[in-house]
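Line by line, the protein sequences are chains P and L.
Just so you know, we're using numbering that gives the first Met the number 0 here: the first sequence kicks off at 0 and counts up by one.
Just so you know, we're using numbering that gives the first Met the number 0 here: the second sequence kicks off at 0 and counts up by one.
Ideal Cβ placement from N, Cα and C applies to all residues, glycine included.
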Amino acid sequence: MQELITRAKELLENGTVARVLGWKIGDLPYNPEPAFFETAESLDKFVYNGFCGANLSKYMIEASKLEGKTLVCLKPCDTYSFNQLLTEHRVDRDKAYIIGVGCKGKLDVEKIKKTGIKGIVSISGAEADSACDTLEIDTLYGKKSCAYGDAMLERCHVCKGKEHKIYDELIGESRDTADKERFAEVEMIEAMSPEEKFAFFQKELSKCIRCNACRNVCPACSCRKCVFDSNKFDSAQKANVDSFEEKMFHIIRAFHVAGRCTDCGECSRVCPQGIPLHLFNRKFIKDIDELYGDYTAGAEAGSLAPLTDFKMDDAEPSIVNERG
Amino acid sequence: MLKIAKKDLASLFALIKESGELYLPVKVAEQTNFAAYEDGAEFDLDTLKSVKSPKDVFFPQSETLYTCKNEGKTIKITPEELVDQPFVVFGMKACDVGGIEVLDRVFLSDPVDSFYAARRAHGTIVALACHEPEESCFCKVFGIDAAEPVADVATWMIGDELYWKALTEKGEALTEKVSSLLTDADEQVVENEKTAIRAIIEKLPYSDLSLEGWNGDAVAEKFDSKLWNELYKPCLACGTCTFVCPTCQCYDIKDYNTGSSVQRYRCWDSCMYSDFTMMAHGNNRTSQMQRFRQRFMHKLVYFPANNDGTYSCVGCGRCVDKCPASLNIVKVIKAFGEKGE
């Protein structure tokens, strides 16, 4: 982390960048926040550790409108989002100085708490340069520990890889964290009967409180005005009028980001009700792979996505009849 | 002081349910929220905080106010019926009860909100002391005692037993109804539990948070602070903080076209949303900084200005737990404190 701070100070001081977009140390052991730093002194509060899960790519939409370059710290998975935003002309490459930061898997304090750990006072082992496989946690109710892997975000268990897809320079080591089959959950749902599928999603989506956190954090949801925010639209953004509407919001969103979603996992990370929203998007990714050949949104900037491209041997709409 | 064995709680809930609806923390798909108790539901009294506060028992996220329907050449307007049956909410924490006191100031003051008032009149609150407070809790800062909730009935979960003490007439009436399941208990056990809870609260990281400078007189000074321009930046403009909050009370009124009628309903609004307080002339808050500022100014300055110094935050810490960008009211208060503003 020190190397990152030193480099950021250098780039700020020599005028290469006007600001640094990273994470600021939190007031609890697990709540650093995304932050802009404009002076070398302010970087004393910079932090990069296991709890810096937030994908900073989307903040670059606003940062691209500012004077001068913004140094942005991107983890390998965040670079897919940045590429996708570049493809969609939502960020300006010339306004970004990308430091690809190493990642050994990001942590989810909710997962730690689900193991029964409460009253957290301090956590060690989450530091970016720590090679620990176990988190040692001091709590008001005694010392506890938790395996690093057990505290990781779902997305890290199906990590797309250690490679940064776009960067100006790299700092820090990454670790292979993938230990689960990416489409296993989707296959499990595909194997369900229609009634079971409906019951599964009904149960999950009935928890939705329409806070819109999934949409607002999503780098693929970058419309300047969302249709659900329009007061001219019968469907309010603030409450689910009925159980149909709570599903409609999520299904429309999933369709809208189909082919553009990089599977960054932010939707599931931020959902206050723990709804596995990534499942919708991953189902579409799997279908697109099956119907049009393997494609990864954001793997390269400017790539032609299957759903916005046309080839003579593309799947015909009648494929629906065969697939059911 | 009375008590009941934890293993008999299902019988207690069944008995309460005989005379009306019972709301309590229920676990659905791994998350605990207050809901009407149905047979076979998994009630969860171990999770300290429900994701959403229990405020929607009294102030639902969405409720129909009246329905309009064309009948020949006239329009028939049917007001929604008010709650007229008694119900019980079990397991609210001291902070949650504090949240209801804040809502009372809004909805029970003139003009009285009849929908809210009907629910308050018919609801009996059984509060549960916080056995093991967590690091994001800061109710002490607002003068709330998590060890001794003030409601119709106060309860304590100690070991394998739930201790029960009626505090009001409504509470006495409920106790009477379930008296066959309650036995006499030793007051001292509860006193020891209170002492233990208070000892933990002293050690919580936010318990010494200072509210100095936050009051109804600080409008101009706080409003014009340059700090807001920095603080709002990570905010995603989602409504999580407002929708999990036990005191956020802003709502919007909208029409829903059912195809054959129009339902006029109200739903929680969020100052984080772009059309918050939208008026015919447009919106008086045009930037996210202004909307972000509104949330904290309302809780810590405007509300006390209009309510004898009472803050509209009770320190439940749900926003601390749930903000996707790790922002929260504590960080805002601390940021002002550090700058001496």
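Who does residue i pair with in a DSSP beta bridge?
| i | result |
| --- | --- |
| L/Asp251 | L/Cys266 |
| P/Lys44 | Answer is none; P/Lys44 lacks a bridge partner. |
| L/Asn214 | Looking at the DSSP assignment, L/Asn214 forms no beta bridge with any residue, so it has no partner. |
| P/Arg18 | P/Thr69 |
| L/Ala198 | DSSP output for L/Ala198 lists no bridge partner at all. |
| P/Gly99 | P/Leu73, P/Leu169 |
| L/Met156 | L/Leu161 |
| L/Asn69 | L/Ile74 |
Could you pull out every residue in the same chain whose Cβ sits closer than 6 Å to the Cβ of residue i, ignoring the five residues on either side in sequence?
| i | result |
| --- | --- |
| L/Ala34 | Val25 |
| P/Ile4 | Leu42, Phe45 |
| L/Lys357 | Summary: the structure shown does not reach residue 357 of chain L, with chain L confined to residues 0 through 340, and so no result is reported for it. |
| L/Ala146 | Ala128, Lys193, Ile196, Arg197 |
| P/Phe182 | Lys285 |
| P/Glu245 | Leu204, Cys207, Asn239 |
Along chain L, in chain order, which residues have C-beta atoms closer than 9 Å to that of residue i?
| i | result |
| --- | --- |
| P/Ala7 | Simply none; closest approach about 17 Å. |
| P/Gly273 | Ala28, Glu29, Gln30, Val50 |
Could you name the residues of chain P that residue i contacts, counting a contact when the two beta carbons are closer than 7 Å?
| i | result |
| --- | --- |
| L/Asp274 | Asp228, Asn230 |
| L/Val25 | Neighbours of L/Val25 on chain P: none; closest Cβ ~11 Å, over 7 Å. |
| L/Gly238 | Cys210, Asn211 |
| L/Leu326 | Glu32 |
If I measure Cβ to Cβ from residue i and keep anything under 8 Å in the same chain, skipping five residues before and after, which residues do I get?
| i | result |
| --- | --- |
| L/Glu79 | Glu62, Thr63, Leu64, Tyr65, Thr66, Phe114 |
| L/Asn305 | Gly215 |
| L/Val218 | Met296, Val300, Tyr301, Ala304 |
| P/Asp77 | Asn54, Leu55, Ser56, Cys263 |
| P/Glu109 | Gly273 |
Quick check: is the beta carbon of residue i nearer than 8 Å to any beta carbon in chain L?
| i | result |
| --- | --- |
| P/Tyr140 | yes |
| P/Ile208 | yes |
| P/Ile251 | no |
| P/Asn48 | no |
| P/Ile122 | no |
| P/Phe35 | yes |
| P/Pro316 | no |
| P/Val269 | yes |
| P/Ala238 | yes |
| P/Lys202 | yes |
Excluding sequence positions up to five away, which residues of its chain have a Cβ less than 7 Å from the Cβ of residue i?
| i | result |
| --- | --- |
| L/Ala184 | Met0, Leu1, Lys2, Tyr162 |
| P/Thr138 | Ile116, Lys117, Gly118, Ile119, Val120 |
| L/Glu41 | Val25, Lys26 |
| L/Leu326 | Pro233, Cys234 |
| P/Tyr58 | Leu20, Pro33 |
| L/Gln60 | Cys266, Trp267 |
Within 8 Å of any Cβ in chain P, is that where the Cβ of residue i sits?
| i | result |
| --- | --- |
| L/Leu14 | no |
| L/Pro323 | yes |
| L/Asp159 | no |
| L/Val243 | yes |
| L/Trp348 | Outside the shown range of chain L (0 to 340) lies residue 348 of chain L, about which nothing can therefore be said. |
| L/Leu235 | yes |
| L/Pro53 | no |
| L/Gln60 | yes |
| L/Glu131 | yes |
| L/Ser380 | In the structure displayed, chain L extends from 0 to 340; residue 380 of chain L sits before or after that span and is not available. |
| L/Lys315 | In the sequence under discussion, the amino acid at residue 315 of chain L is Cys, which differs from the Lys named in the question. Chain P, which has no Cβ nearer than 8 Å to the Cβ of L/Cys315, makes this no. |
| L/Lys343 | A query on residue 343 of chain L cannot be resolved here, the shown segment of chain L reaching from 0 to 340 and no further. |
| L/Cys312 | no |
| L/Lys202 | yes |
Going along chain L in order, which residues have a C-beta closer than 7 Å to the C-beta of residue i?
| i | result |
| --- | --- |
| P/Asp26 | Val329, Lys330, Lys333 |
| P/Val185 | The premise fails here: P/Val185 is roughly 18 Å from chain L at the closest Cβ pair, so nothing lies under 7 Å. |
| P/Asn54 | Neighbours of P/Asn54 on chain L: none; closest Cβ ~11 Å, over 7 Å. |
| P/Asn215 | Leu235, Ala236, Cys237 |
Which chain P residues are close to residue i, counting only those with a beta carbon under 9 Å from its beta carbon?
| i | result |
| --- | --- |
| L/Lys338 | Chain P residues near L/Lys338: none, gap ~13 Å exceeds 9 Å. |
| L/Ala153 | Ordered by position in chain P, no residue passes the 9 Å Cβ test against L/Ala153, which lies about 22 Å from the chain. |
| L/Glu134 | Leu27, Pro28, Lys117, Gly118, Ile119, Val120, Thr138, Leu139 |
| L/Pro148 | Neighbours of L/Pro148 on chain P: none; closest Cβ ~19 Å, over 9 Å. |
| L/Glu171 | Chain P residues near L/Glu171: none, gap ~34 Å exceeds 9 Å. |
| L/Trp163 | Residues of chain P passing the Cβ test: none, with the nearest at roughly 25 Å. |
Assuming residue i and residue j make a contact with CB atoms under 8 Å, what is their CB distance in whole Å?
| i | j | result |
| --- | --- | --- |
| L/Ile143 | L/Gly258 | Between L/Gly258 and L/Ile143 the Cβ distance is about 47 Å, and since that is not below 8 Å, they are no contact. |
| L/Lys92 | L/Arg317 | Their Cβ separation, rounded to whole angstroms, is 11 Å, which puts L/Lys92 and L/Arg317 out of contact at 8 Å. |
| P/Gly49 | P/Ala34 | Going by Cβ atoms, the distance from P/Gly49 to P/Ala34 rounds to 17 Å, so no, they are not a contact pair. |
| L/Pro233 | P/Val216 | In fact, because the Cβ distance is near 11 Å, the residues do not count as touching under 8 Å. |
| L/Gly212 | L/Phe335 | 7 Å |
| L/Val50 | P/Pro271 | 6 Å |
| P/Val269 | P/Cys213 | 6 Å |
| P/Leu84 | P/Pro218 | 6 Å |
Which chain P residues sit within Cβ distance under 8 Å of residue i?
| i | result |
| --- | --- |
| L/Lys5 | The contacting residues do not exist; L/Lys5 stays about 17 Å from chain P at best. |
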